[in-house]
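Colleague: This is the structure I want to talk about, given as C-alpha cells.
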Amino acid sequence: MAAVDLIFNRAFKTGHPVELVFGDDGGGGQVPDKTLAIAARMPGLRVRSLVHVRKDLVAAGRMPGLRCSAVVRYNTDTPRPVVAEVAASAQQAQPVAQGWVTGWQDTDALPAGWVSTAQDAMPMQEQFGVAWQDGQRQGVALQGRFQQARALPGAATQARWQESQGVRKGLQATAQDAAPVRAGWVVRFQESLRDRRRMVEATAQDAMGLQYLITTGAGPSVSLYRGFKGRYQQAMKPPAGKSQTKPPEPEKPGCYEQLVGGPIRLLFCRSWAASADLLFMCCKPVGPEPQPQFVIPLLPVYMQVHHLTAHLLPSLEPVVLNDVSIAAGDDSYCWSLSANGPEHLLDQLAPVGGLPQRLQVGIDGMQFVFAVTSTARSRSFDRRRVAVQGISVTAMLGNPYMPKQAWLSTSVATAQQLAVSALEFSGVDLDWQIPDWQVPAGAWSFQGTPLQAVLRMADSVNAVVRSHRTAAQLIVAPRYPVLPWEWGATVPDVQMPAAVIVTDELRPDPRAEYNAIYVAGGSVGGVLGHVVRSLSARDKLAPQIQDDLITHADAARMRGSWALAASGNKLQHSISMPVLTGGTNPGILNPGQLLEVADTDGTWRGLVRGVSVSASMPRVRQQVTVERIAA
Amino acid sequence: MSTNLYKRLKALLPDDPVMTGQVSAVFADGTALVALEGASGLLRVRNPLGTANGVRVYVQGGAVTGTAPAMPYVLIEV
Numbered sequence: 231m232a233a234v235d236l237i238f239n240r241a242f243k244t245g246h247p248v249e250l251v252f253g254d255d256g257g258g259g260q261v262p263d264k265t266l267a268i269a270a271r272m273p274g275l276r277v278r279s280l281v282h283v284r285k286d287l288v289a290a291g292r293m294p295g296l297r298c299s300a301v302v303r304y305n306t307d308t309p310r311p312v313v314a315e316v317a318a319s320a321q322q323a324q325p326v327a328q329g330w331v332t333g334w335q336d337t338d339a340l341p342a343g344w345v346s347t348a349q350d351a352m353p354m355q356e357q358f359g360v361a362w363q364d365g366q367r368q369g370v371a372l373q374g375r376f377q378q379a380r381a382l383p384g385a386a387t388q389a390r391w392q393e394s395q396g397v398r399k400g401l402q403a404t405a406q407d408a409a410p411v412r413a414g415w416v417v418r419f420q421e422s423l424r425d426r427r428r429m430v431e432a433t434a435q436d437a438m439g440l441q442y443l444i445t446t447g448a449g450p451s452v453s454l455y456r457g458f459k460g461r462y463q464q465a466m467k468p469p470a471g472k473s474q475t476k477p478p479e480p481e482k483p484g485c486y487e488q489l490v491g492g493p494i495r496l497l498f499c500r501s502w503a504a505s506a507d508l509l510f511m512c513c514k515p516v517g518p519e520p521q522p523q524f525v526i527p528l529l530p531v532y533m534q535v536h537h538l539t540a541h542l543l544p545s546l547e548p549v550v551l552n553d554v555s556i557a558a559g560d561d562s563y564c565w566s567l568s569a570n571g572p573e574h575l576l577d578q579l580a581p582v583g584g585l586p587q588r589l590q591v592g593i594d595g596m597q598f599v600f601a602v603t604s605t606a607r608s609r610s611f612d613r614r615r616v617a618v619q620g621i622s623v624t625a626m627l628g629n630p631y632m633p634k635q636a637w638l639s640t641s642v643a644t645a646q647q648l649a650v651s652a653l654e655f656s657g658v659d660l661d662w663q664i665p666d667w668q669v670p671a672g673a674w675s676f677q678g679t680p681l682q683a684v685l686r687m688a689d690s691v692n693a694v695v696r697s698h699r700t701a702a703q704l705i706v707a708p709r710y711p712v713l714p715w716e717w718g719a720t721v722p723d724v725q726m727p728a729a730v731i732v733t734d735e736l737r738p739d740p741r742a743e744y745n746a747i748y749v750a751g752g753s754v755g756g757v758l759g760h761v762v763r764s765l766s767a768r769d770k771l772a773p774q775i776q777d778d779l780i781t782h783a784d785a786a787r788m789r790g791s792w793a794l795a796a797s798g799n800k801l802q803h804s805i806s807m808p809v810l811t812g813g814t815n816p817g818i819l820n821p822g823q824l825l826e827v828a829d830t831d832g833t834w835r836g837l838v839r840g841v842s843v844s845a846s847m848p849r850v851r852q853q854v855t856v857e858r859i860a861a
Numbered sequence: 002m003s004t005n006l007y008k009r010l011k012a013l014l015p016d017d018p019v020m021t022g023q024v025s026a027v028f029a030d031g032t033a034l035v036a037l038e039g040a041s042g043l044l045r046v047r048n049p050l051g052t053a054n055g056v057r058v059y060v061q062g063g064a065v066t067g068t069a070p071a072m073p074y075v076l077i078e079v
C-alpha cells in the first residue's frame with residue numbers, strides 16, 4: 231500500500247479542541263462549472279445562447295446595433311458546500327489509485343509475469359522432460375531386449391514409438407492451452423482502460439483460472455505415466471522367454487544341484503503308489519506346449535480385402551478371369567480350376583504347340599499354377615463368355631500327354647525309388663511323405679503312364695497323391711497323417727474359432743467298425759500283416775486286403791492302420807469360411823491338415839479332406855470338407 | 002464317403018476283392034471250402050483248378066484263382 235500523505239492546510243490554532251477533518255482539501259484550485267444564461271432583447275434579432283463557463287468566459291457575438299456588457303463575478307474564497315459524492319469519490323479514489331498502482335505494478339511486471347509464466351511452464355517442461363527421459367530409457371531397454379531376444383515382433387516396437395509420439399502431442403496440447411491464457415492477459419489490458427475496478431477483479435479471477443489450468447494440465451501427465459505402464463503390460467504378450475531384457479540363465483544340465491556339504495532337497499512329485507520302490511526322476515517341467523502352426527484368432531470382426539490375379543506363364547501376360555473356383559481333395563491327385571472369362575480367352579489360352587498353356591492364378595497372394603485343359607465358349611443374347619478349365623501341371627504326366635509304358639523292377643528297390651524312376655526325365659519332382667518300404671525284384675510290374683504308376687504305387691498302401699500348388703511336384707502323403715485315435719494328443723495344424731464359419735453342414739457318415747484286418751501281399755516277397763487295434767478284442771475283422779506291393783511290414787502297417795482308421799462312424803462336416811491371410815491365419819487350407827475348431831458345442835478336431843475356393847470378387851470363400859469322428 | 006463323385010459311385014458297385022485262404026475241403030461237384038485268413042469265415046467257391054486240400058489259394062469272385070504262397074505272418078498293433 232502506498233504511503234498516505236497527511237497535509238495540514240489549516241492555519242495553526244492554539245487551544246482546544248483541534249478539529250481534524252480528513253478529506254477536506256480546501257477546494258483549492260478547483261473551480262466549479264457554472265452556467266450563465268443571458269437574455270437580451272434586440273431590435274429585429276433575438277438571440278438566446280447557452281454558454282458554459284469554465285474559469286473564464288468567452289462569448290462572441292456579432293450583432294448589428296447591440297451593445298452588451300456583462301460582468302461575471304466569481305468569488306474564489308467563498309465557502310461552498312462540498313458535494314458528498316465528490317468527497318466519497320475522492321476517498322474511494324485512493325484505494326482505486328492504489329489498486330491502479332498495484333495493477334500498474336503488475337503490468338510493469340507483466341513482462342516479468344510473462345517470464346514468470348514461462349518459469350511456471352518450465353517445471354511442466356521438466357516433467358515432460360522426465361517423461362521423455364523415461365521414454366528414452368525404455369527405448370534403450372527395448373534395444374537391449376532386442377539384441378538379446380532378437381525375436382520381438384516389429385509391430386510392438388512401432389507401437390511403442392507411436393505411444394511416445396503421443397506424449398509429444400500431449401505436450402503441445404498443454405502449450406495450446408496456455409495460449410488462451412495469454413490472450414486473457416491481453417484482454418485484461420484492454421479492459422483496464424475502460425474500467426479499472428472491474429479490471430482489477432477480473433485480473434484476479436483470471437489469475438486464479440490460470441493456476442487452475444496449469445493444475446489440470448499436470449493431471450493428464452499423470453495419466454500419461456499410467457499409459458506407459460499399461461503399454462508395458464501389453465508388451466508381455468510375446469511368448470515367454472522372448473520378452474526378457476536380460477538373457478535367460480543357462481539351464482543347469484543336471485536335474486539336481488549338488489551342494490557340497492549342504493542339504494539335498496528331496497522333492498516328491500509323484501502320487502503315492504503301493505509299491506515300495508524308490509524312483510528318482512527329474513521333476514523339471516518339460517518345455518512349453520507346441521503351438522499350432524496356424525491359428526485364426528477370435529475377433530469381433532474379420533476383415534479381409536481380396537485380390538485375384540491371373541497371368542500366363544512364363545510371359546506373365548495378364549489374363550482376365552472371374553468366378554474362379556479352385557478345388558483339391560484327397561480323392562484327386564491335383565488342384566483343379568474352373569473360371570469364366572471374356573471371349574478373347576479362347577485365343578489367349580489356346581494350346582501352343584499341342585501343349586496346354588500354363589496359367590498362374592493368385593488369390594490374396596497364394597499362387598496356383600494350372601495347365602489350361604479346356605476353353606469352352608458359350609454365346610447367348612448379349613453375352614459371350616469362355617469357361618476355362620485347368621488342372622495342376624502334374625497332369626501332364628498322364629493321358630494323353632505321356633505314352634503308356636511297362637514298368638518292371640529288376641532289382642531290389644524301395645517304393646520311393648520305383649516312383650522316382652517312373653518320373654524320370656519328366657521334369658516332375660516327387661515328395662514322398664510316407665514311410666518307405668522295400669520292394670523285391672519282380673514285385674513291381676505295371677503298365678501305364680508315369681502318373682498312373684505313381685498313383686498305383688500310392689494306391690498299394692492307400693496313400694494320398696496330391697500336387698504342389700505351383701511347382702511340378704507330386705506329393706505322396708499319408709491318408710491319415712495322424713491316426714484318429716491319436717488326434718487328441720497331437721498338435722493340430724490349424725486352430726480356429728467357430729466364429730469364422732459362415733455356413734456349415736454336418737452330415738453323419740455311418741460306417742462299420744473294425745478292430746483288426748489282414749493285409750496280404752503278393753506272390754513275390756509278400757507278407758501277411760495282421761493289423762490290430764491295440765488293447766482291442768480283435769474280433770471285428772475287416773475284409774481282407776490283398777496287394778502285390780505289400781512286401782514289408784511297414785507297407786502292411788500303413789495299409790491296415792488306415793483301413794482301420796477309416797472304419798467306424800464318421801461325420802462329414804462341410805464348412806464355408808472366408809480366406810483369411812496375414813499373421814497366423816492359414817489362408818487357403820490344405821487337404822490333410824488337422825483342424826481344431828472351438829465350436830459352440832465344444833471343441834472338436836477333424837481332418838481336412840477337401841478344399842474348394844470360390845473367388846467371385848470381391849467375395850472369396852473356401853469350402854472345407856472335414857472328416858470327424860462321430861462321438 | 003468320398004468327396005469325389007466317381008469314387009462315391011464306385012463304392013456303391015460290388016467289387017471282387019482278392020482274398021487269401023486255405024482250402025479246407027474239396028467237394029466232388031468242383032467246389033471247395035476255403036477258410037479265409039484269420040478265421041474270418043468259410044467260403045464255398047468254385048475250384049476250376051482242382052486245388053487240393055490244405056493248399057493256400059487266392060479267391061476272387063467266388064472262384065479259386067490260383068495258389069498263394071505261404072507268406073510270413075506279421076502282427077502289427079496300431
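Residue numbers (this note's numbering), protein chains in the order written: chain E, 231 to 861; chain G, 2 to 79. Note that CB positions come from ideal geometry on N, CA and C, so glycine has one too. Keep in mind the model is a prediction, meaning the values are calculated, not measured.
(1) Please state whether DSSP places W717 (chain E) in a helix, a strand or coil.
(2) Beta-carbon of V58 (chain G) versus every beta-carbon of chain E: anything under 8 Å?
(3) Going along the chain, which unbroken runs of the beta strand (DSSP E) with 3 or more residues stay wholly within the stretch 603 to 648 of chain E?
(4) Which residues of the stretch 753 to 774 of chain E have a Cβ closer than 8 Å to any Cβ of chain G? Give them in chain order.
(5) On the premise that V684 (chain E) lies in contact with A649 (chain E), defined as a C-beta separation below 8 Å, what is that separation, rounded to the nearest angstrom?
(6) Just the C-alpha distance for A232 (chain E) and A269 (chain E), rounded to the nearest angstrom, thanks.
(7) Step through the CB atoms of chain E and report whether any lies within less than 8 Å of the CB of V54 (chain G).
(8) So the beta strand (DSSP E) G22 (chain G) belongs to, where does it begin and stop?
(9) Anything in chain G within Cβ reach of S199 (chain E), meaning under 7 Å, just list it in chain order.
(10) Would you mind stating whether P520 (chain E) and D723 (chain E) have Cβ atoms separated by less than 8 Å?
(11) For H803 (chain E), I'd like the list of residues in its chain whose CB is within less than 7 Å of its CB, leaving aside the five on either flank, ordered along the chain.
(12) Measuring only the C-alpha atoms, how far is E479 (chain E) from R495 (chain E)?
(13) Counting only C-beta atoms, is R675 (chain E) closer than 8 Å to chain G at any point?
(14) Do the CB positions of T52 (chain G) and V58 (chain G) come within less than 8 Å of each other?
(15) Considering only residues of the same chain and omitting the five flanking positions on each side of K240 (chain E), which have a CB-CB separation below 7 Å?
(16) Quick check on A786 (chain E) - is its C-beta less than 8 Å from some C-beta in chain G?
(17) Measure the alpha-carbon distance for M788 (chain E) versus N692 (chain E) and round it to whole angstroms.
(18) Would you decide whether P714 (chain E) is buried or exposed? Buried here means 16 or more other CB atoms lie within 10 Å of its CB.
(19) Any Cβ of chain G within less than 8 Å of the Cβ of L824 (chain E)?
(20) Using 8 Å for Cβ pairs, my map puts I556 (chain E) next to F598 (chain E). What's the rounded Cβ distance?
(21) Should Q646 (chain E) be flagged as near chain G, meaning a C-beta pair shorter than 8 Å?
(22) So, does the CB of L575 (chain E) fall closer than 8 Å to a CB anywhere in chain G?
(23) Can you find the residues in the same chain that come closer than 6 Å, C-beta to C-beta, to P665 (chain E), ignoring five residues on each side of it along the sequence?
(24) Should L685 (chain E) be flagged as near chain G, meaning a C-beta pair shorter than 8 Å?
(25) Determine the contact status of H541 (chain E) and V535 (chain E), defining contact as a CB-CB distance below 8 Å.
(26) Kindly indicate which three-state DSSP category E38 (chain G) falls into: helix, strand or coil?
(27) Assuming E78 (chain G) and Y748 (chain E) make a contact with CB atoms under 8 Å, what is their CB distance in whole Å?
(28) For V56 (chain G), which of G:G63, G:A40, G:V27 has the nearest alpha-carbon?
(29) Is D734 (chain E) close to chain G, meaning its C-beta is less than 8 Å from at least one C-beta of that chain?
(30) Starting from Q725 (chain E), trace the beta strand (DSSP E) both ways and give me its first and last residue.
(31) By DSSP, does L801 (chain E) sit in helix, in strand, or in coil?
(32) If contacts are defined as beta-carbon pairs under 8 Å, then S846 (chain E) and D594 (chain E) qualify, I think. What distance do you get, rounded to the angstrom?
(33) Does the distance between the C-beta of A506 (chain E) and the nearest non-hydrogen atom of the ligand MG fall short of 7 Å?
(34) Are the C-beta of T66 (chain G) and some C-beta of chain E separated by less than 8 Å?
(35) So, with DSSP's three-state summary, where would you put A70 (chain G)?
Modeller: A quick look at the data gives this:
(1) helix
(2) no
(3) 613 to 622, 635 to 638
(4) S753, G756, V757, L758, G759, H760, V761, V762, R763, S764, L771, P773, Q774
(5) 5 Å
(6) 52 Å
(7) Checking the sequence shown, residue 54 (chain G) turns out to be Asn, not Val. Cβ-Cβ to chain E under 8 Å: no for N54 (chain G).
(8) 20 to 27
(9) This structure leaves residue 199 (chain E) out entirely; chain E is present only between 231 and 861.
(10) no
(11) D734, L736, G836, V856, R858
(12) 21 Å
(13) Position check: residue 675 (chain E) holds Ser in this sequence, whereas Arg was assumed. It does not; no Cβ of chain G falls within 8 Å.
(14) yes
(15) For the sequence presented, residue 240 (chain E) should be read as Arg rather than Lys. Answer for R240 (chain E): no residue qualifies.
(16) yes
(17) 8 Å
(18) buried
(19) no
(20) 6 Å
(21) no
(22) no
(23) D784
(24) no
(25) no
(26) helix
(27) That pair is no contact at about 14 Å.
(28) G:V27
(29) no
(30) 724 to 727
(31) strand
(32) Going by Cβ atoms, the distance from S846 (chain E) to D594 (chain E) rounds to 14 Å, so no, they are not a contact pair.
(33) Although the ligand MG was asked about, the structure shown includes no ligands whatsoever.
(34) no
(35) First, the amino acid is wrong: residue 70 (chain G) is Pro here, not Ala. DSSP places P70 (chain G) in coil when its eight states are reduced to three.
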